[in-house]
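Undergrad:
Number of protein chains: 2
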Amino acid sequence: MSVVAAKPNIQMSNASVPLVHEVKILDEAGRTKLAHIPGERPLTIYLDKREVVTLMTLGSAPEALVLGYLRNQRLVESPDDIESIQVDWETDSAAVKTRRSTVDIDALTSKRVVTTGCGQGTMFGGLMEEMSEIRLPDGPQLSQESIIALVDDIRVHDTIYKKSGSVHACAVFERTPEGGVKLLYFIEDVGRHNAVDSISGLMWLANKPGKDLIFFTTGRLTSEMVIKGAQMGVPFLLTRSGVTLMGLELARKTNLTILSRCSGKHFEIYNAPERVVFNQKTQ
Amino acid sequence: MSVVAAKPNIQMSNASVPLVHEVKILDEAGRTKLAHIPGERPLTIYLDKREVVTLMTLGSAPEALVLGYLRNQRLVESPDDIESIQVDWETDSAAVKTRRSTVDIDALTSKRVVTTGCGQGTMFGGLMEEMSEIRLPDGPQLSQESIIALVDDIRVHDTIYKKSGSVHACAVFERTPEGGVKLLYFIEDVGRHNAVDSISGLMWLANKPGKDLIFFTTGRLTSEMVIKGAQMGVPFLLTRSGVTLMGLELARKTNLTILSRCSGKHFEIYNAPERVVFNQKTQ
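Residue numbers (the numbering used here), protein chains in the order written: chain A, 140 to 422; chain B, 140 to 422.
Next up, the structure:
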């Protein structure tokens, strides 16, 4: 298992597994065909030798997933607190060693809130309560062309989804000096919460603050997704899919711009439209 | 809050909340429009006054959700163990009273496995281990016409999804004396795990064994969905979407028939095709 250094200075493995698998199927006429499906495997996280959780993941970016999971669950306060993340697919485990643990893990993990993705996600501690303290500043703005360009970038991006389906994608874009947008990270996972956690981990590793970024997901913006967006401080949450009422209410409280049904040139603004610059008003 | 008796003899509330909400949005041209989105709200389950979990749900069938959740998490062994389920949307809580508790809840909830739906679902205890003991008997069979008729039933069914999007549906069908299939239960939720749990609860309430039923979901068949299908003893799992490798491997171990990409007359058989009767072989 090769070990690569990353900034902040975390010793990380670079574990990899096959992501797409070929299987024999029968179609509706009984004809044998080959199909491709995504992998899904357990990854048990040990924080200083303490078992925290087992995630079911595609496995495309396990180290980033572990880091982002610990970040979004508030089990680690800063990437500098982490000395190493070692993922081993032989044992389906991730060993995380901290330099100093500033968090009372027992207290945090004592309260379990099961949330909806398409599923029953998990949040530890009083994340919901924290939302009342988060309110993103107004701005920056995003132009209509940039939104359309961004959605097109996602459309043409080579993906596991195109090969196998059954995965969700999350991505973040950053602004270019020319005022456009550039794809920064693109992560797919069988779990859309894993995908956003992995993005969050990559942001921490590169010291990228959320305020300059635009977040896109193929999945729905339910409460937990909006909470994670607010935690990461990303003012723009875009989805190809839809939003729930609770997701919208959390976006209103935290001043997030929500763009729903993003497809082709189409999008729907559900909150904080003042961040969107319309180039041609057609009314 | 009206109270209705159900068989098995569980005193249950019949709590209801608005499921679809109208909101003002701006489209890509800055035009104000009305959109409909699904509700999403927390429901905290108390089992004999002990807080078990908080689910985020649409709220269409909360009593069945609570019962099915307790069933699928093995927190209750039999519906007869339950005296009452009282859901109160004023406090977003469900109070479950047992006649006798035959389960060591503390032991079960001590181990947390976070699974993927589109999200990070939660399973307590060693559900994964139990899978090695489950193997469904061969048969019964399902004809090609029945599969196509079933998929068409779902297509024409009036749904929250058609009004608001952003929900997943799960349904079970039963066989008719004439050899066809009939829709038995149809449940939508912001969480597809909630939808399958609700179906499981309804099956328990009506004493419907899984062996005679066919399960359909709009969501993906990830490991946890297949585990729940196996627990319910339903030999047919159909999805409009896809399947993950782990979902497929669990179906192979437990002898479940998996039909993927069910749409129109099209479907793909991923496991146990001997349960499918082809009427016209086109090769």
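Glycine included, every Cβ here is placed at the ideal spot set by N, Cα and C.
None of the values given here were measured: they were computed from a predicted structure.
At the level of alpha carbons, what is the spacing between A:H175 and A:G386?
TA: If you number the first sequence from 1, residue 175 of chain A lands on position 36. If you number the first sequence from 1, residue 386 of chain A lands on position 247. Each residue's Cα considered, the two are about 33 Å apart.
Undergrad: At least one CB of chain B closer than 8 Å to the CB of A:D292: is that the case?
TA: Reading the first sequence from its first residue, position 153 is the one you call residue 292 of chain A. Not an interface residue.
Undergrad: Starting from A:K163, trace the beta strand (DSSP E) both ways and give me its first and last residue.
TA: Here residue 163 of chain A is taken as the residue at index 24 of the first sequence, counted from 1. Counting along the chain, the beta strand (DSSP E) containing A:K163 begins and ends at V159 to D166.
Undergrad: Return the bridge partner residues of B:E313 from the DSSP annotation.
TA: Start at 1 with the first residue of the second sequence, and residue 313 of chain B comes out as number 174. Its beta-bridge partners are B:K321 and B:L352.
Undergrad: Output, in chain order, the set of chain A residues within a Cβ distance shorter than 9 Å of B:E407.
TA: Indexing the second sequence from 1 puts residue 407 of chain B at position 268. By Cβ distance, chain A contributes I164, L165, D166, E167, K172 and A174.
Undergrad: Please classify A:T255: does DSSP put it in a helix, a strand, or coil?
TA: Reading the first sequence from its first residue, position 116 is the one you call residue 255 of chain A. Interpretation of A:T255 is limited by its pLDDT of 38, a score under 50 that renders its predicted location unreliable; no figure is taken from the coordinates.
Undergrad: Helix, strand or coil: which one does DSSP assign to A:P276?
TA: Reading the first sequence from its first residue, position 137 is the one you call residue 276 of chain A. Note: A:P276 maps to coil in three-state DSSP.
Undergrad: Please determine, among B:K367, B:L197, B:K321 and B:N148, the residue with the shortest C-alpha to C-alpha distance to B:V159.
TA: Stepping through the second sequence from its first residue, residue 159 of chain B is reached at position 20. Of the candidates B:K367, B:L197, B:K321 and B:N148, the one whose C-alpha sits nearest the C-alpha of B:V159 is B:L197.
Undergrad: Considering only DSSP beta bridges, list what A:I293 is partnered with.
TA: The residue given as residue 293 of chain A occupies position 154 in the first sequence. In the DSSP output, where bridge partners are listed per residue, A:I293 has none listed.
Undergrad: So what does DSSP say about A:K146, is it helix, strand or coil?
TA: The residue given as residue 146 of chain A occupies position 7 in the first sequence. DSSP places A:K146 in coil when its eight states are reduced to three.
Undergrad: With DSSP as the reference, identify every bridge partner of B:N394, one or two as the case may be.
TA: Within the second sequence, numbered from 1, the residue matching residue 394 of chain B stands at position 255. Its beta-bridge partners do not exist; DSSP assigns none.
Undergrad: Can you give me the start and stop residues for the beta strand (DSSP E) that B:D227 sits inside?
TA: Counting from 1 along the second sequence, the entry for residue 227 of chain B is found at position 88. Unbroken beta strand (DSSP E) run through B:D227: I221 to D227.
Undergrad: How far does the alpha helix (DSSP H) with B:K347 in it reach, from first residue to last?
TA: In the second sequence, the residue the question calls residue 347 of chain B occupies position 208. Note, B:K347: premise wrong, no alpha helix (DSSP H); not H, not E.
Undergrad: Just verifying my parser: in three-state terms, what is the DSSP assignment at A:T421?
TA: Translated into the one-based positions of the first sequence, residue 421 of chain A becomes position 282. Caution applies to A:T421, whose pLDDT of 48 falls short of 50 and renders its modelled position unreliable; the value that the coordinates give is listed next. The answer is coil: DSSP assigns A:T421 none of H, G, I, E or B.
Undergrad: Can you list, in chain order, the residues of its chain whose CB lies under 6 Å from that of B:G258, leaving out five sequence neighbours each side?
TA: Along the second sequence, one-based indexing puts residue 258 of chain B at 119. Low confidence applies here, because B:G258 scores a pLDDT of 34, under 50, leaving its location unreliable; read the following figure in that light. Cβ within range, chain order: n/a, list empty.
Undergrad: Where does A:E107 land, buried or exposed, given buried means 16+ other C-beta within 10 angstroms?
TA: Chain A is shown only over 140 to 422; residue 107 of chain A falls outside these bounds and no answer can be derived.
Undergrad: Give the DSSP-derived three-state secondary structure of B:R376 in the structure shown.
TA: Here residue 376 of chain B corresponds to residue number 237 of the second sequence, with the count starting at 1. A quick correction: the sequence has Leu, not Arg, at residue 376 of chain B. Note: B:L376 maps to strand in three-state DSSP.
Undergrad: Output, in chain order, the set of chain B residues within a Cβ distance shorter than 7 Å of A:K404.
TA: Residue mapping note: residue 404 of chain A aligns to position 265 of the first sequence, counting from 1. Identification of chain B residues near A:K404 by a Cβ-Cβ cut-off of 7 Å yields E167, ordered along the chain.
Undergrad: If you drop the 5 nearest sequence neighbours on each side, which residues of the same chain put their C-beta closer than 6 Å to that of B:E229?
TA: Translated into positions along the second sequence, residue 229 of chain B becomes position 90. Once the five neighbours on either side are set aside, B:E229 has no close Cβ partner at all.
Undergrad: Give me, in chain order, the residues of the same chain whose beta-carbon lies closer than 8 Å to that of A:S223; leave out the 5 immediate sequence neighbours on both sides.
TA: Walking along the first sequence from the start, residue 223 of chain A turns up at place 84. So the qualifying residues of the chain are I149, Q150, M151, A234, V235 and K236.
Undergrad: Using a Cβ cut-off of 7 Å, pull out every chain A residue sitting near B:P412, in sequence order please.
TA: For the purposes of this step, residue 412 of chain B is taken as the residue at position 273 of the second sequence. Those are L165, listed as they occur along chain A.
Undergrad: Hey, out of B:K163, B:G330 and B:R170, whose CA is closest to B:P201's CA?
TA: Within the second sequence, the letter at position 62 stands for residue 201 of chain B. B:P201 has its Cα closest to that of B:G330, out of B:K163, B:G330 and B:R170.
Undergrad: Using the beta-carbon of each residue, which ones in chain B are nearer than 9 Å to A:S380?
TA: Against the first sequence, residue 380 of chain A aligns to sequence position 241. The answer, in chain order, is G304 and S305.
Undergrad: With DSSP as the reference, label B:I408 as helix, strand or coil.
TA: Numbered from its first residue, the second sequence carries residue 408 of chain B at position 269. Note: B:I408 maps to strand in three-state DSSP.
Undergrad: Give the straight-line distance between the Cα atoms of B:G340 and B:I326, rounded to the nearest whole angstrom.
TA: Along the second sequence, read from residue 1 onward, the residue named residue 340 of chain B stands at position 201. Along the second sequence, read from residue 1 onward, the residue named residue 326 of chain B stands at position 187. Roughly 11 Å between the two C-alpha positions.
Undergrad: Please classify A:R414: does DSSP put it in a helix, a strand, or coil?
TA: Indexing the first sequence from 1 puts residue 414 of chain A at position 275. Helix.
Undergrad: Just list the residues that DSSP pairs B:Y208 with in beta bridges.
TA: If you number the second sequence from 1, residue 208 of chain B lands on position 69. Its beta-bridge partners do not exist; DSSP assigns none.
Undergrad: Can you name the residues that DSSP bridges to A:R180?
TA: Start at 1 with the first residue of the first sequence, and residue 180 of chain A comes out as number 41. According to DSSP, which records beta bridges pairwise, A:R180 is partnered with A:T196.
Undergrad: Using the beta-carbon count (16 or more within 10 Å), is A:G256 buried or exposed?
TA: Position 117 of the first sequence, counted from the first residue, corresponds to residue 256 of chain A. Summary for A:G256: the model assigns pLDDT 35, below 50, so the residue's position carries little reliability, and this model does not support an answer.
Undergrad: Pairs of beta-carbons, one from the segment 368-384 of chain B and one from the segment 395-404 of chain B, closer than 8 Å: are there three or more?
TA: The segment 368-384 of chain B, when compared against the segment 395-404 of chain B, does touch it at the 8 Å Cβ threshold.
Undergrad: Using a Cβ-Cβ cutoff of 9 Å, what residues of the segment 194-220 of chain A are near chain B? List them in chain order.
TA: Here the close residues are L194, M195, T196, L197 and Y208.
Undergrad: Can you name the residues of chain B whose CB is closer than 8 Å to the CB of A:S362?
TA: Looking up residue 362 of chain A in the first sequence gives position 223. By Cβ distance, chain B contributes E179 and M195.
Undergrad: So for A:S402, helix, strand or coil by DSSP?
TA: Locating residue 402 of chain A in the first sequence gives position 263, where the first residue counts as 1. The answer is strand: DSSP assigns A:S402 an E or B state.
Undergrad: For B:A308, tell me which candidate among B:E190, B:D292 and B:Q212 has the shortest Cα-Cα distance.
TA: For the purposes of this step, residue 308 of chain B is taken as the residue at position 169 of the second sequence. Checking every option, the nearest Cα to that of B:A308 belongs to B:D292.
Undergrad: So B:D166 packs on A:E407, CB below 8 Å; how close in whole Å?
TA: Your numbering for residue 166 of chain B matches position 27 in the second sequence. Your numbering for residue 407 of chain A matches position 268 in the first sequence. About 6 Å separates the Cβ atoms of B:D166 and A:E407, confirming a contact at the 8 Å cut-off.
Undergrad: For A:A411, which residues from the same chain have a beta carbon less than 7 Å from its beta carbon, with the 5 sequence-adjacent residues on both sides left out?
TA: Position 272 of the first sequence, counting from 1, holds the residue named residue 411 of chain A. Cβ within range, chain order: N394, L395 and T396.
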